[in-house]
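Numbering (this note's numbering), first residue to last: 350 to 1092.
Every residue, glycine too, gets a C-beta built ideally from N, C-alpha and C.
Quick caveat, the model's predicted, so the values are computed rather than measured.
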Amino acid sequence: MSKWAPDSREADRRFSDEQLTNVAPADARETFEWMHLSPRAVAFLLFLCPAATFASPPRAGFIDSLQIVNTYDAYGGQSFGDVGPYEVVVAIAHGKLDPTHPANAGIVDLALATRDANGLVGYRTDVVILRPKSAAHAKRVLFYDVVNRGNKLALGTFNGGAGSLTPGSSAGNALLLRMGYTIVWSGWQGNLPVTGAGDSKPLGTDFPVATNPDGSAITGQTREEFILDSLDASNGRSLTTLGPATLTLTYPAATLDKSSVTFNWRSTWKTADGMRFDGPANPVPDANWSYVNGGAQVQLTPPTGADLGSIFTFVYTATNPKPMAIGFASVRDLITFLNHDKSAANPVADIAATCRHGDCDDDDANFSVTILEGISQSGRFTRDFLWQGFNDDARGRHAGGREHTVFNGMFPIIPASRKTYTNYRWSQPFRWSKEHEDHFQPGDQFPFAYNVIRDPVSGRVDGILRRCRESETCPKIVQLDGGFEYFGGRGTLVSTDGRGHDLKLPENVRIYVVPGTNHGGGAGLDRPSSPTTCRNTTSVVVESTIDRALVPVLEDWVANNTPPPPSAYPSNAAGTLAPAEDAAAVGFPDLSSLGSSYTWPGNLINELYVTSYSGGVPEVDLSKEYKVMVSKTDADGNERAGVRVPEIVVPLGTFTSWNSRAAGHTPGESCGSNGSSIWFAKTEADRAAAGDPRPSLEARYSSKAGYVSKVQAAAEALVQQRLLLEEDVQSYVNAAQNQTVLQ
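Listed below in structure tokens is the structure:
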């Protein structure tokens, strides 16, 4: 069964060619539904039909009970500014879904899950809430941090603290706590188990297995991919030496017959024609592998010729799929419960009495601002959640309250143009496409942009905002990407069409890009890293400081309609965008003498073609390629566009958004999600000896003190633009003082 997606013919009927502008028109929705009629028109209908009532339609889903497992003072009772101490609530949500409700119709295989006596499908998810202990000091802001592989990333990214909430954990600088937010986490990834201990362990789920109508097990062809030096934690432990490996399958094998399996390995997906799944590959001999643990795992001895970076693909017959998109519905229903339930069963219902923004006239909501934030996998979840229509709480138009938007603000971080591999039969939500690893993933197909457009490559009509425009539940959106997302995630497709033409961003969307980063940014100038899998030192450019600054910007936009800073990303209009394959247009300097020219190693870009995933293996249409664009660079090779942070404005080297795999790890391929730090020569003599065309440190900076002063000025300029918090200026100054490149 293929994943639900908006039918292109339906979209074509709804949006005429005249309506398909860069921004979907406000009237591009069904205008004759009764829920959109004026009060006078509704009254007239009631006069004609006196039996009609305003009774709400059956709920799509709800939290049947929130089982509180534990409650305790956060961080040993530490107080945070005017907000005071916080409290941790550890719980398990027991949810119910109506598989016949239109709002759930897109959940693949939900109709095949076991139902209770009322015809509902039950599930469980881990829940953790970190809330101000005193409701009187809380801000009416609910901040939902989408867990990444079950992990709570907001604690580190925004608070600078530990990922655990158990006693003794560090709160860090506690930004979100000092702001008075209520922070919520819940499990959504269907292959991670419920533990009831989400404060210290990954948050998981308990979703039912789908079966055939007669109760028999569902089976079907699916595939797994393994790269030994970069295994996802869901599939095994990454290896540092070549040897036997135990690989976990997402779904157990339906049969242990090896003859039904295709097991191959290759060094690259690239061919002379383009990136294709059916390119040259080497078979893994049957003697080199076996099923273990009843078909739940595979024991592999890598064959001769393979290395730690080789791509292993395992195509087999699996059984017992789960309706993984219950994860989307579970978030919808949990937040709806926390925001609207007034009973003692809701551990945050008392926050409704607090008003910081002066908009407490909405008695139906406990919070004025509800923000959905996610990083990497979680950022892709955020875009997918919106695209698939789950930001409508599905309570019915007259259930009370001013609106039915689950989240009125969204903050997807480093998702690029992607969605997730979740709402599919045999889904694998932990995977994401890169040039080398996991390249072929369904969540990378159109739509990419928030705009509703006709895709010039596939011919389909769609956009991330399509469903929320129809239901009038669109949030205000801030998307933050790094430079890697343009090379590894085709980030340009968020702001251009499939042929590379600029799109005008919708009014409710802002995009910011931090140039020269790894996926998620680096650790700073004073903490360079050189993993054995990569040829170059990874990029040290920090991104988390910009993440932090944009949280209050988004809150202010949602709560007070205060416009955010102008978007900052590469564009044709600004003259900062170039075709990724055109080295001359990109403008990267010739660093071939240093082994790092733009044309080396040649596999920098994660190419994308229209690909069918209707079967067990991808079918690539090489005649339909998407145009991937990247930022132009300055003479040093640093990207010109975006939020130019101090490392880029006052550089000690060239910080690229790409890196290459090292010897023993399939050299020449793109190195995971890493950028590079290519330092300037210390002196002009060193520069000349190396054949480096870039001015040396000696020629750029008269002293270390002068360099540090310039870094501080660059940071303070970002504060003036509301793109950096004043309190984070010192982190850049400290890194500049502690780095060892310039002394």
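Run through the segment 916 to 969 for me and flag every whole alpha helix (DSSP H) of 4 or more residues, listed as ranges in chain order.
932 to 935
Determine, using beta-carbon pairs with one atom in the segment 757 to 768 and one in the segment 555 to 573, whether at least three such pairs fall under 8 Å.
no
Using DSSP with H/G/I as helix, E/B as strand and the rest coil, what is Gln570?
strand
Hey, quick one: how far does the beta strand (DSSP E) through Glu436 stretch, first residue to last?
Gly433 to Leu446
Unbroken beta strand (DSSP E) run spanning Trp416, endpoints
The sequence shown places Gln at residue 416, rather than the Trp named in the question. Residues Gly410 to Asp422.
Going straight from the alpha carbon of Asn867 to that of Val890, what length do you get?
8 Å
Environment of Gln794 [buried if 16+ CB atoms lie within 10 Å]
buried
By Cβ distance, which residues of its chain are closer than 8 Å to Leu874, with the 5 residues on each side in sequence left out?
Val889, Glu996, Leu1001, Ala1084, Ala1085, Asn1087, Gln1088 and Val1090
With three or more beta-carbon pairs closer than 8 Å as the criterion, would you say the segment 545 to 554 touches the segment 448 to 468?
No, they do not touch.
Nearest neighbour of Ala1064, chosen from Lys1053, Tyr1050 and Val1082 [CA to CA]:
Residue Val1082 is the option with its Cα nearest to Ala1064.
Do you know how far the Cα of Pro855 is from the Cα of Asn921?
17 Å
Cutting at 7 Å between CB atoms, please list the residues of its own chain near Thr982, excluding the five before and the five after it.
Val935, Gly936, Phe937, Glu988 and Arg989
Sheet register partners of Phe492 (DSSP bridge)
Ile532 and Ile720
Roughly how many whole angstroms lie between the Cα atoms of Arg1109 and Val801?
Because the chain here runs from 350 to 1092, residue 1109 falls outside it and cannot be looked at.
Looking at Val806 and Tyr1056, is the spacing between their C-beta atoms short of 9 Å?
no
Report the rounded CA-to-CA distance for Pro901 versus Asn642, giving the unit in angstroms.
49 Å
When the Cα atoms are used, what is the spatial distance from Ser608 to Pro651?
19 Å
Just list the beta strand (DSSP E) runs in the segment 756 to 804, keeping only unbroken ones of 3 residues or longer that don't cross its boundaries, in chain order.
758 to 762
Buried or exposed (CB count within 10 angstroms, at least 16 for buried), Asn508:
buried
When you compare only the Cα positions, how much space is there between Gly444 and Tyr472?
C-alpha separation (whole angstroms): 5 Å.
I'd like the list of long-range same chain contacts for Pro399, defined as Cβ closer than 6 Å, with 5 residues on each side in sequence excluded.
Interpretation of Pro399 is limited by its pLDDT of 32, a score under 50 that renders its predicted location unreliable; the figure taken from the coordinates is listed afterwards. Answer for Pro399: no residue qualifies.
Does DSSP put Trp638 in a helix, a strand or coil?
strand
Hey, Gly658 and Ile724 are a contact pair by Cβ (cut 8 Å); roughly how many whole angstroms apart?
In fact, because the Cβ distance is near 26 Å, the residues do not count as touching under 8 Å.
Which value, in whole angstroms, describes the spacing of the CA atoms of Pro634 and Asp622?
28 Å
Whether Gly677 touches Phe730 by CB criterion (9 Å):
Residue 677 is actually Phe in this sequence, not Gly. Closer than 9 Å, so yes.
Using the beta-carbon count (16 or more within 10 Å), is Leu605 buried or exposed?
exposed
Limits of the unbroken beta strand (DSSP E) element including Asp578:
Careful: Asp578 lies outside any beta strand (DSSP E) and carries neither H nor E.
Contact belief for Val477 with Trp534 at Cβ below 8 Å, rounded distance in angstroms
The pair is a contact, with the Cβ atoms about 5 Å apart (cut-off 8 Å).
Which residues does DSSP pair with Gly828 in a beta bridge?
In the sequence as presented, Gly is not what sits at residue 828; that position holds Gln. DSSP, once it has assigned bridges, lists Ile860 as partnering Gln828.
Hey, could you find the ends of the alpha helix (DSSP H) Asn688 is sitting in?
Ile675 to His689
Closer than 9 Å to chain B by CB, Pro824
In the structure shown, chain B cannot be found, because there is only a single protein chain.
Does DSSP put Ala1084 in a helix, a strand or coil?
Looking at Ala1084 - three-state DSSP - the assignment turns out to be helix.
Can you name, in chain order, every residue of its own chain whose Cβ lies under 6 Å from the Cβ of Ser946, other than the five neighbours on each side?
Asp939 and Leu940
Alpha-carbon to alpha-carbon, Arg809 and Asp851:
18 Å
The beta strand (DSSP E) that contains Gln648, what's its start and end?
Gln646 to Leu649
On the three-pair Cβ rule with 8 Å, is the segment 954 to 967 touching the segment 818 to 830?
no
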